[in-house]
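Okay, so here's the structure we're looking at.
Protein chains: 2
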Amino acid sequence: MEVHEYKRDEWIIREGMRPDYLYYVIEGKAKIYLTYQNGKVSLINFINAHDYIGEMELLHEVYYTKGIQATSKLICFAIPLHHCRKRLLEDTTFLRELTKFLSMKATKMAEKYSQSLSFPLENRLADFILQTADGEIYKEKHVTVCDFLGVSYRHLLHVLVQFCEKGYLEKEERHYSIRQNDALHRLADVLKNK
Amino acid sequence: MEVHEYKRDEWIIREGMRPDYLYYVIEGKAKIYLTYQNGKVSLINFINAHDYIGEMELLHEVYYTKGIQATSKLICFAIPLHHCRKRLLEDTTFLRELTKFLSMKATKMAEKYSQSLSFPLENRLADFILQTADGEIYKEKHVTVCDFLGVSYRHLLHVLVQFCEKGYLEKEERHYSIRQNDALHRLADVLKNK
DNA sequence: CCCGAAATAGGAGATATCTCATATTATTAT
DNA sequence: ATAATAATATGAGATATCTCCTATTTCGGG
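As you go down the protein sequences, you meet chains U and C in turn. If you use the working numbering, the first sequence corresponds to residues 106 to 299, in order. If you use the working numbering, the second sequence corresponds to residues 106 to 299, in order.
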């Protein structure tokens with residue numbers, strides 16, 4: 106097992122290229138990207154500490170590999186597949202761990218899918234702001250957020266302006282401050298199931 | 106292990122109620138539903154032969170259970186959790202199998218999520234029609250389809266009418282016939298990654 | 001065979017979201 | 001420090017999609 110370290114913006118896996126390792130993230134963050142034929146790029150999900158990378162390629166001989174890019178310094182264990190695949194796939198503890206990880210991943214994606222179809226940006230953005238805010242400071246990059254929530258930059262701005270006009274947020278220098286937590290919560294709660 | 110049989114429209118698992126079994130579908134089809142607070146119902150996915158049901162509850166103590174309803178006669182194995190959970194979670198062959206199943210599920214959901222955000226109904230419907238058509242006959246129920254693709258009934262109709270006007274489909278008595286396979290393919294191919 | 005519920009169908013207007021165009025301001029590399 | 005690049009902003013018009021309404025048709029149960 107090796108320890109790999111990546112810098113911000115470095116590609117851990119390039120789209121379409123099978124990785125040689127199974128990674129386990131110790132520290133740092135990354136993004137999963139997918140490119141469509143027409144050039145559209147979709148930010149599928151975020152990766153955080155304790156997530157696996159490359160588990161799909163461990164399990165499936167044939168798989169279209171998505172691109173993974175570090176968004177901060179990222180440190181991970183890297184387990185060489187050619188050497189360890191067989192042993193990993195026979196290790197009960199590892200399999201049980203991986204099963205849990207995958208089941209959560211599947212659940213989360215299903216949730217996101219369903220929510221994206223069922224609710225306008227207003228609700229999903231409120232949820233996203235609450236989830237990513239640091240105290241009452243929200244300062245995600247707009248470009249990333251609109252990739253993640255799957256809306257145009259223009260529309261994201263539009264809804265943010267609405268939030269400000271309604272007094273939910275207040276725009277400061279280089280970030281937004283949450284002014285009405287409860288209002289955002291009300292919008293975000295609509296996403297929860299009964 | 107028991108064999109359970111469900112009739113069309115029967116609920117295999119009711120939303121919010123933890124199931125007592127892990128199911129493995131031998132034959133038949135089902136749908137996974139989720140209800141939101143505001144009453145909106147979302148059809149999350151279809152279940153087919155060789156899929157598992159209840160695997161989330163096997164793995165997680167705390168989990169909001171989604172509703173699962175048979176759409177045809179459905180026959181499955183039912184493995185009582187209270188009796189077998191421990192043994193299942195120590196069985197390498199089973200875990201490896203479940204891991205593969207879950208990884209495909211996660212991948213599929215991620216794909217659907219990303220596609221739903223990136224493309225209009227036109228493309229997603231073309232793909233859906235090609236995937237569910239029996240030869241050149243398409244005859245899914247509109248109500249189900251709009252739940253699945255996450256659009257309103259009205260809008261689904263609208264796009265179907267367009268397809269007919271463009272000559273891609275032709276409406277017959279109680280179904281649609283595919284007239285221009287290639288045109289639909291061109292629309293559906295946009296969903297594929299590069 | 002009849003009835004009520006579910007499914008289909010389509011009009012009309014509202015809203016969410018997109019595209020394109022154009023400035024201005026940060027950030028990064030040289 | 002400068003120039004190039006990425007990110008932020010905003011207007012205006014187009015389109016995708018929704019909601020509400022109202023008929024008509026189909027279908028399963030008594």
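Cβ atoms here follow ideal geometry from the backbone N, Cα and C, with glycine treated the same way.
Quick one: what's residue i bridged to in DSSP?
{"i": "residue 239 of chain C", "result": "C/242"}
{"i": "residue 179 of chain C", "result": "C/111"}
{"i": "residue 130 of chain U", "result": "U/181"}
{"i": "residue 298 of chain C", "result": "U/141"}
Would you decide whether residue i is buried or exposed? Buried here means 16 or more other CB atoms lie within 10 Å of its CB.
{"i": "residue 229 of chain U", "result": "buried"}
{"i": "residue 236 of chain C", "result": "exposed"}
{"i": "residue 278 of chain C", "result": "exposed"}
{"i": "residue 286 of chain C", "result": "exposed"}
{"i": "residue 256 of chain U", "result": "buried"}
{"i": "residue 258 of chain U", "result": "exposed"}
{"i": "residue 216 of chain U", "result": "buried"}
{"i": "residue 150 of chain C", "result": "buried"}
{"i": "residue 106 of chain C", "result": "exposed"}
{"i": "residue 146 of chain C", "result": "exposed"}
{"i": "residue 250 of chain C", "result": "buried"}
{"i": "residue 133 of chain C", "result": "buried"}
Between which residues of its own chain and residue i is the CB-CB distance below 6 Å, once the five residues before and five after are set aside?
{"i": "residue 299 of chain C", "result": "none"}
Is the beta carbon of residue j closer than 8 Å to that of residue i?
{"i": "residue 232 of chain U", "j": "residue 274 of chain U", "result": "no"}
{"i": "residue 137 of chain U", "j": "residue 154 of chain U", "result": "no"}
{"i": "residue 282 of chain U", "j": "residue 234 of chain U", "result": "no"}
{"i": "residue 200 of chain C", "j": "residue 200 of chain U", "result": "yes"}
{"i": "residue 169 of chain C", "j": "residue 127 of chain C", "result": "no"}
{"i": "residue 227 of chain U", "j": "residue 292 of chain U", "result": "yes"}
{"i": "residue 129 of chain U", "j": "residue 181 of chain U", "result": "yes"}
{"i": "residue 115 of chain C", "j": "residue 175 of chain C", "result": "yes"}
{"i": "residue 218 of chain U", "j": "residue 218 of chain C", "result": "yes"}
{"i": "residue 135 of chain U", "j": "residue 214 of chain C", "result": "no"}
{"i": "residue 204 of chain C", "j": "residue 204 of chain U", "result": "yes"}
{"i": "residue 111 of chain C", "j": "residue 193 of chain C", "result": "no"}
{"i": "residue 187 of chain C", "j": "residue 252 of chain C", "result": "no"}
{"i": "residue 290 of chain C", "j": "residue 244 of chain C", "result": "no"}
Report all residues from its chain with a CB closer than 8 Å to the CB of residue i; omit the five preceding and five following residues, and keep chain order.
{"i": "residue 262 of chain U", "result": "247"}
{"i": "residue 207 of chain U", "result": "160"}
{"i": "residue 238 of chain U", "result": "283"}
{"i": "residue 267 of chain C", "result": "227"}
{"i": "residue 260 of chain U", "result": "226 and 251"}
Using C-beta distances below 7 Å, list every residue in its chain close to residue i, excluding the 5 sequence neighbours before and after it, in chain order.
{"i": "residue 220 of chain U", "result": "229 and 296"}
{"i": "residue 119 of chain C", "result": "172"}
{"i": "residue 272 of chain C", "result": "284 and 285"}
{"i": "residue 276 of chain U", "result": "269"}
{"i": "residue 264 of chain U", "result": "226, 227 and 230"}
{"i": "residue 123 of chain U", "result": "162 and 170"}
Exercise. At what residue ranges does the region 132–181 of chain C contain a whole run of the beta strand (DSSP E), taking only runs of 3 or more?
Worked result: 135–140, 146–152 and 172–175
For this session: Jot down the residue ranges of each uninterrupted alpha helix (DSSP H) in the region 244–283 of chain U, minimum 4 residues, whole runs only, in chain order.
Result: 247–254 and 258–270
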